[in-house]
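Enquirer: I have a structure here, written as structure tokens, and I will follow up with some questions on it.
Protein chains: 2
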Amino acid sequence: MRARRRQRLVMSSKWSDIIYVVKSGVLVLSANGGSGRRQLLAILYPGDAYSMSLAPPLDGVGVVAMTDCDLIRMRRSALEDFPSEMQELEAFLQQRTAELHARSILHIARLASLSSESRVAAFILELALRTGQVVNDTATCDLPLSRSDIADYLSLNADTLSRIMTRLKSRGTVATVGRSRAIVKSIKRLCKEVPICRTTLALHGYAELDCQADNSHS
Amino acid sequence: MRARRRQRLVMSSKWSDIIYVVKSGVLVLSANGGSGRRQLLAILYPGDAYSMSLAPPLDGVGVVAMTDCDLIRMRRSALEDFPSEMQELEAFLQQRTAELHARSILHIARLASLSSESRVAAFILELALRTGQVVNDTATCDLPLSRSDIADYLSLNADTLSRIMTRLKSRGTVATVGRSRAIVKSIKRLCKEVPICRTTLALHGYAELDCQADNSHS
DNA sequence: TTTGGTTCTTGATGCGCGTCAAAGCTCGCG
DNA sequence: CGCGAGCTTTGACGCGCATCAAGAACCAAA
Numbered sequence: 003m004r005a006r007r008r009q010r011l012v013m014s015s016k017w018s019d020i021i022y023v024v025k026s027g028v029l030v031l032s033a034n035g036g037s038g039r040r041q042l043l044a045i046l047y048p049g050d051a052y053s054m055s056l057a058p059p060l061d062g063v064g065v066v067a068m069t070d071c072d073l074i075r076m077r078r079s080a081l082e083d084f085p086s087e088m089q090e091l092e093a094f095l096q097q098r099t100a101e102l103h104a105r106s107i108l109h110i111a112r113l114a115s116l117s118s119e120s121r122v123a124a125f126i127l128e129l130a131l132r133t134g135q136v137v138n139d140t141a142t143c144d145l146p147l148s149r150s151d152i153a154d155y156l157s158l159n160a161d162t163l164s165r166i167m168t169r170l171k172s173r174g175t176v177a178t179v180g181r182s183r184a185i186v187k188s189i190k191r192l193c194k195e196v197p198i199c200r201t202t203l204a205l206h207g208y209a210e211l212d213c214q215a216d217n218s219h220s
Numbered sequence: 003m004r005a006r007r008r009q010r011l012v013m014s015s016k017w018s019d020i021i022y023v024v025k026s027g028v029l030v031l032s033a034n035g036g037s038g039r040r041q042l043l044a045i046l047y048p049g050d051a052y053s054m055s056l057a058p059p060l061d062g063v064g065v066v067a068m069t070d071c072d073l074i075r076m077r078r079s080a081l082e083d084f085p086s087e088m089q090e091l092e093a094f095l096q097q098r099t100a101e102l103h104a105r106s107i108l109h110i111a112r113l114a115s116l117s118s119e120s121r122v123a124a125f126i127l128e129l130a131l132r133t134g135q136v137v138n139d140t141a142t143c144d145l146p147l148s149r150s151d152i153a154d155y156l157s158l159n160a161d162t163l164s165r166i167m168t169r170l171k172s173r174g175t176v177a178t179v180g181r182s183r184a185i186v187k188s189i190k191r192l193c194k195e196v197p198i199c200r201t202t203l204a205l206h207g208y209a210e211l212d213c214q215a216d217n218s219h220s
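Protein sequences appear in the order of chains Y and E. Note that the working numbering has the first sequence beginning at 3, numbered continuously upward. Note that the working numbering has the second sequence beginning at 3, numbered continuously upward.
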């Protein structure tokens, strides 16, 4: 199936049997926070598998497409019809769920221990490595989330986020083209803004990338 | 196996094949945050299953017992020797992982959208429902985490946490006996301090409990 | 019970980030 | 091509929470 940008997948907990696998595009898990403000709780990248049984019964939870997406939709119970493939699929889901969980835990660590500036830097780093084109020490990527989306994900306010982006840009670490495209001038330099960058690198397929200074300056 | 209070389970990512199932006691997933400060990323209650593949490769990650614990330790690969039970066990692990993930997402929502006072109230509510004795509208529970542990979990400073506890006590919502025991005078009143309390109730087995005012005042 | 060390509380102070308001940019749509 | 709505940026200001420091309470051992 396909989903359009801004489209909300019907995912009440009543359909917890349904599993979505992301083939292309970016989606987010969204909910209404305590103060009525929307918050983005997790980001789904190509390769991720998601089912509503993974989300808590928050007010207004659901998965929303941030870009046009290709998805696979299937029912877990349908697996039982294919005993020979089930084993393999169970293992796949298990592994995907574990990775998603690790990313969520990392997100907790970032929210809890990083300054807002480092959080933004970590977000751009993650997005660039996941969805961007990496060339040597630079990277270019689309920003599938608007500024206020990013703010809602990083638990910042849009005003503050804007200020931080301005600071990063004026420092020459990142640049933007229009509103929805970012250029990372130097990945290493960006990493220096993110204390726990090594974990981010590892979780997004760049375990071998040497982030040099890392957090050794602390 | 058993674990003593403060004992750290050997859980480097090299042993990601090992699964721990909590029979009794409380454990936490701990790591060193960016600023060198320790942080507690998740709490494990009886019934939970945890494997290191669920944790990101943060500096100093590991599971630490907060109380004396009874645990089951097993290797996932050992499951394959028992094909008849494997099906069932896979399903069990899947379900436990999903619940754990839902709790982590809820924790993100709390960290991101709740004031520090509400976070503390939510924490006490969760602990009381999970590990305490509930009698009518009141509950009593041990506090397996010290004040600074709680602060590290809620992304607060120990000083601030202390102030908040004092405020909650002076308001008569909770009381303490010694340092490691809490009494919730009125669960409903406590719920009113927590905007997203309904989700907390649902995730800890009290879905039917009516938290009245809930967040309808918003 | 006394003693000592750890943990917890409480006060004073400062900074970061949220909030509000206004202006500036983008981009879609006519 | 130009207009308008919705984003985004920027400034001024206040509050909440972190920080530092000192004192109190608690607990475990002697």
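Built from N, CA and C at the ideal position, the CB exists for glycine as well. Note that the coordinates shown come from a computational prediction; the quantities given were computed from them, not determined experimentally.
What does the alpha-carbon distance come out to for the pair E/R149 and Y/S86?
Expert: Numbered from 1 along the second sequence, position 147 holds the residue referred to as residue 149 of chain E. Numbered from 1 along the first sequence, position 84 holds the residue referred to as residue 86 of chain Y. Taking the straight line from one Cα to the other gives about 51 Å.
Enquirer: Since E/T201 is in the alpha helix (DSSP H), which residue starts that stretch and which ends it?
Expert: Indexing the second sequence from 1 puts residue 201 of chain E at position 199. It spans C199 to L205 - the alpha helix (DSSP H) in which E/T201 sits, taken as one unbroken run.
Enquirer: Between Y/L42, Y/A57, Y/L116 and Y/M3, which lies nearest to Y/V23 when the distance is taken from Cα to Cα?
Expert: Residue numbering aside, residue 23 of chain Y sits at position 21 when the first sequence is read from its first letter. Checked all of Y/L42, Y/A57, Y/L116 and Y/M3; the closest Cα to Y/V23 is Y/M3.
Enquirer: For E/L11, would you say it is in contact with chain Y, using Cβ-to-Cβ distances shorter than 8 Å as the test?
Expert: For the purposes of this step, residue 11 of chain E is taken as residue 9 along the second sequence, with counting starting at 1. No, its Cβ sits nowhere closer than 8 Å to a Cβ of chain Y.
Enquirer: Would you kindly report the start and end of the unbroken alpha helix (DSSP H) that includes E/S150?
Expert: The sequence position of residue 150 of chain E within the second sequence is 148, counting from 1. Residues R149 to L156.
Enquirer: Going along the segment 106-130 of chain Y in order, which residues come within less than 9 Å of chain E, judged by CB to CB distance?
Expert: Within the segment 106-130 of chain Y, the qualifying residues are S106, I107, L108, H109, I110, A111, R112, L113, A114, S115, L116, S117 and S120.
Enquirer: Name, going along the chain, the residues of the segment 25-37 of chain Y whose beta-carbon falls closer than 8 Å to a beta-carbon of chain E.
Expert: Under the 8 Å Cβ criterion, the segment 25-37 of chain Y contributes L31, A33, G35, G36 and S37.
Enquirer: With H, G and I counted as helix, E and B as strand and the rest as coil, what does DSSP make of E/M76?
Expert: Stepping through the second sequence from its first residue, residue 76 of chain E is reached at position 74. Here E/M76 sits in strand by DSSP.
Enquirer: What would DSSP say about E/D19, mapped onto helix, strand or coil?
Expert: Residue mapping note: residue 19 of chain E aligns to position 17 of the second sequence, counting from 1. Coil, per DSSP.
Enquirer: Is it true that the CB of Y/V196 sits closer than 8 Å to the CB of Y/T124?
Expert: Walking along the first sequence from the start, residue 124 of chain Y turns up at place 122. Walking along the first sequence from the start, residue 196 of chain Y turns up at place 194. At residue 124 of chain Y the sequence reads Ala, which differs from the Thr that was named. Yes; because the gap between Cβ atoms is below 8 Å, this pair is in contact.
Enquirer: Can you list the residues of chain E that Y/P58 reaches, using a CB-CB cut of under 8 Å?
Expert: Here the question's residue 58 of chain Y lines up with position 56 in the first sequence. Correct list: A104, R105, I107, L108, A111, T201, A204 and L205.
Enquirer: Applying the 10 Å Cβ sphere with the 16-neighbour rule, what's the burial state of E/G49?
Expert: Residue mapping note: residue 49 of chain E aligns to position 47 of the second sequence, counting from 1. By the neighbour-count rule (16 or more Cβ atoms within 10 Å), E/G49 is not buried but exposed.
Enquirer: Pull up the DSSP beta-bridge partners for Y/D33, would you.
Expert: Along the first sequence, one-based indexing puts residue 33 of chain Y at 31. The residue asked about is misnamed: residue 33 of chain Y is Ala in this sequence, not Asp. Y/Q41.
Enquirer: Output the distance between the C-alpha atoms of Y/Q89 and E/D151, rounded to the nearest integer angstrom.
Expert: Walking along the first sequence from the start, residue 89 of chain Y turns up at place 87. Walking along the second sequence from the start, residue 151 of chain E turns up at place 149. Looking at the two C-alpha atoms, the distance is approximately 40 Å.
Enquirer: Give me the Cα-Cα distance between E/A51 and E/I45, rounded to the nearest whole angstrom.
Expert: Within the second sequence, residue 51 of chain E is the residue found at index 49, counting from 1. Within the second sequence, residue 45 of chain E is the residue found at index 43, counting from 1. Computed Cα separation, rounded: 11 Å.
Enquirer: Which residues in chain Y sit within 7 Å of E/R39, going by Cβ to Cβ distance?
Expert: Taking the first residue of the second sequence as 1, we reach residue 39 of chain E at position 37. Near E/R39 (Cβ distances below 7 Å), the residues of chain Y are S115.
Enquirer: Quick one: is E/G207 buried, meaning 16 or more other Cβ sit within 10 Å of its Cβ, or exposed?
Expert: Working through the second sequence from its first residue, we reach residue 207 of chain E at position 205. The residue is exposed, with fewer than 16 neighbouring Cβ atoms inside 10 Å.
Enquirer: Rounded C-beta distance between E/S37 and Y/S118? I'm assuming under 8 Å.
Expert: As a working mapping, residue 37 of chain E is identified with position 35 in the second sequence. As a working mapping, residue 118 of chain Y is identified with position 116 in the first sequence. About 14 Å separates the two Cβ atoms, so there is no contact after all.
Enquirer: Within the 8 Å Cβ cut-off, does E/Q96 reach chain Y?
Expert: For the purposes of this step, residue 96 of chain E is taken as the residue at position 94 of the second sequence. Yes, E/Q96 lies at the interface with chain Y (some Cβ there is under 8 Å from its Cβ).
Enquirer: With a threshold of 8 Å between beta carbons, is Y/E195 in contact with chain E?
Expert: Taking the first sequence and counting its residues from 1, the one referred to as residue 195 of chain Y is at position 193. Chain E contact via Cβ: absent.
Enquirer: Check this for me: beta carbons of E/I172 and E/L145, under 8 Å apart or not?
Expert: Translated into the one-based positions of the second sequence, residue 172 of chain E becomes position 170. Translated into the one-based positions of the second sequence, residue 145 of chain E becomes position 143. This sequence places Ser at residue 172 of chain E; Ile is not what is there. Result no, Cβ atoms of E/S172 and E/L145 do not sit closer than 8 Å.
Enquirer: Do E/R98 and E/L205 count as a contact pair if the criterion is CB distance below 8 Å?
Expert: Walking along the second sequence from the start, residue 205 of chain E turns up at place 203. Walking along the second sequence from the start, residue 98 of chain E turns up at place 96. No, the pair does not count as a contact, with Cβ atoms beyond the cut-off.
Enquirer: When you compare each of Y/L60, Y/L42 and Y/G35 to Y/S14 by their alpha carbons, which one comes out closest?
Expert: Against the first sequence, residue 14 of chain Y aligns to sequence position 12. The residue with the shortest Cα to Cα distance from Y/S14 is Y/L60.
Enquirer: Quick one: list the residues of chain E neighbouring Y/I74, beta-carbon separation under 9 Å, in chain order.
Expert: The residue given as residue 74 of chain Y occupies position 72 in the first sequence. Under the 9 Å cutoff, chain E gives no residues; its nearest Cβ is about 19 Å from Y/I74.
Enquirer: From the DSSP output, in three-state form, read off Y/S26 for me.
Expert: Numbered from its first residue, the first sequence carries residue 26 of chain Y at position 24. In this structure, Y/S26 counts as strand in the three-state DSSP scheme.
Enquirer: For E/N138, count the other beta carbons within 10 Å of its own beta carbon; 16 or more makes it buried, fewer makes it exposed. Which is it?
Expert: Within the second sequence, residue 138 of chain E is the residue found at index 136, counting from 1. By the 10 Å Cβ count, E/N138 comes out exposed.
Enquirer: Just to confirm, are E/G1 and E/L147 a CB contact at a threshold of 8 Å?
Expert: As displayed, chain E neither begins before 3 nor continues past 220, which places residue 1 of chain E out of reach and without an answer.
Enquirer: Along the alpha helix (DSSP H) that carries E/T140, what are the first and last residues, could you check?
Expert: Locating residue 140 of chain E in the second sequence gives position 138, counting from the first residue. Looking at the DSSP string, E/T140 is not in any alpha helix (DSSP H); the run it does join, the beta strand (DSSP E), is T140 to D144.
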